[in-house]
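Heads up, the thing below is written out as structure tokens.
There are 4 protein chains.
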Amino acid sequence: VTALKTPAEVVDSCDVTHGMLSDPAASESVVFGDNGVLSAARAGRSYIDHSTIDEEAGQRIFDAVKGKGARFLSAPVSGGWRDAAKGELLFIAGGDRSLFDESSAPGAGMACMGHRHWFVGDSPGEAARAKLMLQIMMGSMVGALAETLALTERAGLDPTQILEMLDASAMSNPLCKAKGKLMVDGNFAPNFQVYLQQKDLRLTLALADKLAMPLPITAAVNAQYVAARQRGLADSDFAAVRGVYDNEGGEKR
Amino acid sequence: VTALKTPAEVVDSCDVTHGMLSDPAASESVVFGDNGVLSAARAGRSYIDHSTIDEEAGQRIFDAVKGKGARFLSAPVSGGWRDAAKGELLFIAGGDRSLFDESSAPGAGMACMGHRHWFVGDSPGEAARAKLMLQIMMGSMVGALAETLALTERAGLDPTQILEMLDASAMSNPLCKAKGKLMVDGNFAPNFQVYLQQKDLRLTLALADKLAMPLPITAAVNAQYVAARQRGLADSDFAAVRGVYDNEGGEKR
Amino acid sequence: VTALKTPAEVVDSCDVTHGMLSDPAASESVVFGDNGVLSAARAGRSYIDHSTIDEEAGQRIFDAVKGKGARFLSAPVSGGWRDAAKGELLFIAGGDRSLFDESSAPGAGMACMGHRHWFVGDSPGEAARAKLMLQIMMGSMVGALAETLALTERAGLDPTQILEMLDASAMSNPLCKAKGKLMVDGNFAPNFQVYLQQKDLRLTLALADKLAMPLPITAAVNAQYVAARQRGLADSDFAAVRGVYDNEGGEKR
Amino acid sequence: VTALKTPAEVVDSCDVTHGMLSDPAASESVVFGDNGVLSAARAGRSYIDHSTIDEEAGQRIFDAVKGKGARFLSAPVSGGWRDAAKGELLFIAGGDRSLFDESSAPGAGMACMGHRHWFVGDSPGEAARAKLMLQIMMGSMVGALAETLALTERAGLDPTQILEMLDASAMSNPLCKAKGKLMVDGNFAPNFQVYLQQKDLRLTLALADKLAMPLPITAAVNAQYVAARQRGLADSDFAAVRGVYDNEGGEKR
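Chains as they are written, first to last, in UniProt numbering: chain Z, 1 to 253; chain F, 1 to 253; chain G, 1 to 253; chain C, 1 to 253.
As structure tokens, this is what we get:
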């Protein structure tokens with residue numbers, strides 16, 4: 001293995017370059033910075049960014065890379081490093097269709113790292129939007145679970161039993177199972193933080209606003225995650241939204 | 001097999017009698033009516049009602065049966081007749097603990113019909129409350145799914161792809177998979193009707209009100225099911241809540 | 001002035017009897033109790049109840065009094081004893097139309113006590129419903145004011161200035177002026193308690209549910225008053241809903 | 001009266017220049033454009049912008065004008081041209097305090113045009129925020145009124161009577177009186193459009209999000225105005241939010 005020094009060197013020596021950065025700013029810096037992807041991009045070269053980036057940043061990179069004659073695909077992943085090692089990541093891709101087809105073909109880059117690949121549209125924005133759809137379901141399911149478990153305790157029932165019932169029902173899913181346990185244990189060491197979950201809800205509500213689509217459930221869910229931030233839980237795992245339902249000194253009149 | 005003529009005859013000839021009626025009124029009529037359960041109830045006899053009944057009706061039956069020296073258990077089920085045939089029903093029970101223990105022991109009544117049994121408390125009300133906890137999760141998950149798929153379409157994405165992604169994620173669950181397909185197909189032949197789902201949300205909000213527990217997410221979800229009733233969808237499957245998000249003639253300003 | 005001993009004596013000696021009791025139970029007891037209104041009701045006698053009673057209690061009284069050949073009007077008031085002394089109460093009436101017309105004519109009973117009289121329908125229930133309409137506006141306006149003032153403070157603005165602006169605008173109204181001052185002062189000595197305001201919101205949501213009318217704004221408002229009860233503010237003035245927005249230890253991330 | 005040709009000429013010949021433009025873009029163009037305010041701004045000159053501008057645009061103008069040694073005040077108004085003619089505008093000002101004091105002193109500019117002047121803070125942003133506080137109250141009051149009148153009709157009551165009662169109560173205010181009449185008449189010729197009201201709600205929710213302040217009532221209200229846009233009512237008066245509650249073909253089950 002040879003470690004190259006700059007993004008430009010990588011792009012220069014590979015047909016297809018994959019990037020996975022921590023946030024949109026990092027994604028843009030790797031492309032637009034000194035010795036960045038852009039400085040080496042040319043016809044015959046391809047760049048796939050697996051970071052989760054917003055619609056606007058994705059479009060700027062797409063336009064710039066295409067402008068150099070190279071191909072670009074925004075292909076954010078769902079899953080963690082364990083999934084990557086097993087080749088079980090999920091890819092949600094938007095941008096250049098031919099690049100998607102090549103890289104998800106057996107033996108190619110995205111096929112080695114993951115077992116599901118969706119091409120959702122001809123622009124990075126569509127990949128970003130598709131990821132938001134997953135995020136609001138995630139926020140809503142965990143918000144509803146928090147509300148259910150809070151009422152469960154208030155009603156004198158055993159939350160662990162209720163979680164067992166959920167897990168034995170048609171609603172059974174790994175997310176609620178894991179987050180439900182964290183809520184019962186009061187263990188909110190961050191896996192995915194409140195502030196990140198709420199950011200995705202905010203972006204989704206902004207998208208819906210632009211499209212004149214009312215999202216009253218998501219709006220109510222969002223208010224609970226904002227309330228979690230208000231209580232100082234921004235950096236806790238988003239299961240900590242459970243805490244919003246606890247209020248000391250309350251009576252039951 | 002001998003079919004007996006009245007509930008009283010059944011109770012008279014069996015140690016443990018199981019009832020499964022269509023609604024609370026039927027449950028009460030079988031107990032309190034002429035030649036009902038109550039007229040034969042006595043020490044040494046036991047009655048288990050598997051109907052989904054409200055807290056108050058359950059308590060009335062419990063008090064009356066106990067008053068005759070017999071034992072009572074409210075043990076509503078989750079699952080349908082297919083599950084019953086396979087012995088895979090779920091039982092959520094409240095009332096007489098010894099009766100629960102006996103009937104869920106290997107070879108006994110509830111053990112033959114189901115593979116999971118939870119004893120949630122010493123009164124029928126606790127079984128009723130536990131079932132409501134499952135119902136609000138169900139209503140919220142399907143409400144959030146409707147909202148997500150409505151935005152998905154509005155945003156120009158393919159709802160079938162989004163459902164595939166959900167199903168490949170940690171959120172994967174049979175309920176959303178089934179209801180999501182119904183929403184995409186616009187097929188709302190009733191399995192569990194809008195008006196029944198909304199009734200459970202209403203009962204849960206009433207319970208929470210009594211306990212001074214605010215449920216803002218459930219309240220927003222409930223408003224969407226009421227809106228479905230307003231549009232004439234009361235008797236459709238509750239996945240029809242998806243229709244609330246469609247409004248003809250809208251622009252995107 | 002002669003004080004008579006029982007409701008029956010009053011009804012017996014007067015053409016029109018006015019009652020104003022503390023709650024529906026008291027209203028029913030005065031009518032149905034020993035030596036109650038009902039025992040003296042007969043053709044030629046009329047009874048007007050100015051208490052705020054629920055739809056069902058009003059209907060029971062109406063049916064019973066009518067059954068004796070007498071006339072009945074449910075005419076709850078808006079306003080306090082100061083208004084009564086000045087003849088400035090407001091009457092919202094439902095029931096017997098001829099009785100309403102007579103008693104609101106110049107010089108007659110309701111005309112002496114009040115200066116506005118509305119006949120809203122031929123049953124007491126319609127008067128009860130009309131009062132609920134006022135109550136949800138009241139709950140929503142004060143809830144929105146609480147939210148506005150909470151954000152005002154969080155945004156570093158002066159709530160007293162904002163209240164002055166509101167009062168100088170087309171939104172100016174005595175209710176918000178009074179409740180806004182209580183919120184700024186943190187003075188929640190009860191005039192109309194949180195639990196009473198929330199009860200009216202609950203009744204309204206129940207009415208709307210029956211009519212399949214979604215009330216998403218009222219539902220969100222209601223959750224805030226329930227949250228106030230959760231915090232032990234049930235017996236404070238309903239302006240105390242402002243307190244729901246304060247959460248110690250919060251950061252601004 | 002001499003009409004000068006450019007903003008620069010006006011600033012050059014007057015101690016204090018007042019601007020009132022249609023939107024933030026116009027405000028910025030008058031300042032930063034060719035022969036704009038900025039090109040003539042210098043020590044001894046003052047500029048007051050009465051437009052409703054957002055926090056960021058206000059700050060850019062403030063910084064630029066101050067940078068030239070001149071004074072700047074953002075002083076958006078509440079009220080229309082009729083109020084201006086009578087000297088009854090309201091001014092909500094943020095920026096240079098000495099300029100505010102001078103211009104609101106008897107006989108000076110803002111004193112001639114208006115009778116109430118509030119200085120809310122040392123930056124234009126604070127004036128913008130204060131105006132948003134008024135806007136969310138306005139949106140919430142009219143949203144709650146729409147909900148109340150929709151339920152009123154559904155419950156078989158007369159909305160005109162309910163409006164009379166509101167107007168006779170402590171809630172009486174010119175805004176609800178006017179908008180209530182529009183709702184009953186179904187007359188939504190625009191005075192202040194749905195899309196403008198919803199824009200202010202959106203900006204307020206964004207501000208609250210930044211400050212980690214949950215606004216569940218405003219979020220529910222906002223969803224109703226978005227729903228109005230979805231139905232093609234963006235350009236109607238914001239009282240048209242009433243239409244969101246009408247759904248043809250609904251039953252009452």
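Where a beta carbon is used, it is the ideal one built from N, C-alpha and C, also for glycine. As the structure is a prediction and not an experimental result, all values here were calculated from the model.
If distances are taken between C-alpha atoms only, which option among the options comes closest to residue i?
| i | options | result |
| --- | --- | --- |
| Z/Met171 | F/Leu196, F/Tyr195 and F/Val142 | F/Val142 |
| Z/Trp118 | Z/Leu90, Z/Glu9 and Z/Gln197 | Z/Leu90 |
| C/Val226 | C/Arg202, C/Met213 and C/Leu215 | C/Arg202 |
| Z/Gly94 | Z/Ala105, Z/Gly79, Z/Ala8 and Z/Ala75 | Z/Ala75 |
| F/Gly33 | F/His50, F/Ile61 and F/Ser51 | F/Ile61 |
| C/Lys131 | G/Leu157, G/Gln197, G/Gln135 and G/Ala111 | G/Leu157 |
| Z/Thr160 | F/Arg229, F/Phe72, F/Leu134 and F/Leu182 | F/Leu134 |
| G/Ala206 | G/Ile136, G/Val120, G/Gly67 and G/Ile92 | G/Ile136 |
| G/Ser169 | C/Arg129, C/Glu88 and C/Pro24 | C/Glu88 |
| G/Arg231 | G/Leu73, G/Pro216, G/Arg82 and G/Asn247 | G/Asn247 |
| F/Asp83 | F/Ala57, F/Arg116, F/Lys68 and F/Gly19 | F/Arg116 |
| F/Ala146 | Z/Glu102, Z/Asp15 and Z/Pro214 | Z/Pro214 |
| G/Cys112 | G/Leu73, G/Ala41, G/Leu149 and G/His18 | G/His18 |
| Z/Ala234 | Z/Val37, Z/Phe192 and Z/Lys86 | Z/Phe192 |
| G/Phe100 | G/Trp81, G/Lys86, G/Ala85 and G/Val120 | G/Val120 |
| residue 299 of chain Z | Z/Asp63, Z/Ser78 and Z/Val77 | Nothing in the structure corresponds to residue 299 of chain Z, since chain Z is present only between 1 and 253. |
| C/Ala219 | G/Ala144, G/Asp15 and G/Lys66 | G/Ala144 |
| Z/Pro24 | Z/Val37, Z/Gly36, Z/Arg42 and Z/Gly58 | Z/Gly58 |
Would DSSP call residue i helix, strand or coil?
| i | result |
| --- | --- |
| C/Phe238 | helix |
| G/Val10 | helix |
| Z/Ala3 | coil |
| C/Arg89 | The sequence shown places Leu at residue 89 of chain C, rather than the Arg named in the question. If DSSP states are grouped into helix, strand and coil, C/Leu89 belongs with the strands. |
| F/Asp34 | coil |
| Z/Arg48 | A small fix is needed here, since residue 48 of chain Z is Ile in this sequence, not Arg. If DSSP states are grouped into helix, strand and coil, Z/Ile48 belongs with the strands. |
| G/Arg42 | coil |
| C/Glu251 | Residue placement at C/Glu251 is poorly supported in this model, since its pLDDT is 47, which falls under 50; the coordinates still yield a value, given next. In this structure, C/Glu251 counts as coil in the three-state DSSP scheme. |
| C/Ser140 | helix |
| C/Gly156 | coil |
| C/Gly125 | helix |
| Z/Pro24 | helix |
| Z/Ala111 | helix |
| G/Ser29 | helix |
| F/Phe188 | coil |
| F/Leu233 | coil |
| Z/Ala170 | coil |
| Z/Met133 | helix |
| Z/Met165 | helix |
Provide the residue span of the alpha helix (DSSP H) that contains residue i, from first to last.
| i | result |
| --- | --- |
| F/Val221 | Pro216 to Gln230 |
| F/Arg202 | Val194 to Lys210 |
| Z/Ser103 | Arg97 to Ser103 |
| G/Val184 | Pro174 to Asp185 |
| G/Lys68 | Neither: G/Lys68 is in no alpha helix (DSSP H) and is coded neither H nor E. |
Which two residues bound the contiguous beta strand (DSSP E) that contains residue i?
| i | result |
| --- | --- |
| Z/Phe72 | Arg71 to Ser74 |
| C/Val120 | Gly114 to Gly121 |
Residues bridged to residue i by DSSP?
| i | result |
| --- | --- |
| C/Gly19 | C/Asp49 |
| Z/Gly77 | Here the sequence assigns Val to residue 77 of chain Z, which means Gly is not the residue at that position. BP columns for Z/Val77 point to Z/Phe91. |
| message | Three Cβ pairs or more, each shorter than 8 Å: is that satisfied between the stretch 123-137 of chain F and the stretch 51-60 of chain F? | response | These segments touch.
| Just checking, does the stretch 40-47 of chain C make contact with the stretch 10-21 of chain C on the three C-beta pairs under 8 Å criterion? | Cβ pair count under 8 Å is three or more, so yes.
| message | Any contact between the stretch 149-163 of chain C and the stretch 96-114 of chain G? By contact I mean 3 or more CB pairs, one from each, below 8 Å. | response | The way I'd put it, the stretch 149-163 of chain C doesn't touch the stretch 96-114 of chain G; fewer than three beta-carbon pairs between them come closer than 8 Å.
| How do the stretch 227-234 of chain F and the stretch 225-241 of chain G stand: do at least 3 beta-carbon pairs fall below 8 Å, yes or no? | Result no; under three Cβ-Cβ pairs closer than 8 Å.
| task | May I ask you to verify whether the stretch 164-178 of chain Z touches the stretch 180-191 of chain F, counting CB pairs closer than 8 Å and requiring at least 3? | result | No, the stretch 164-178 of chain Z does not touch the stretch 180-191 of chain F.
| query | Are at least three pairs of beta-carbons, each pair with one atom in the stretch 233-249 of chain F and one in the stretch 184-191 of chain F, less than 8 Å apart? | reply | Yes, they touch.
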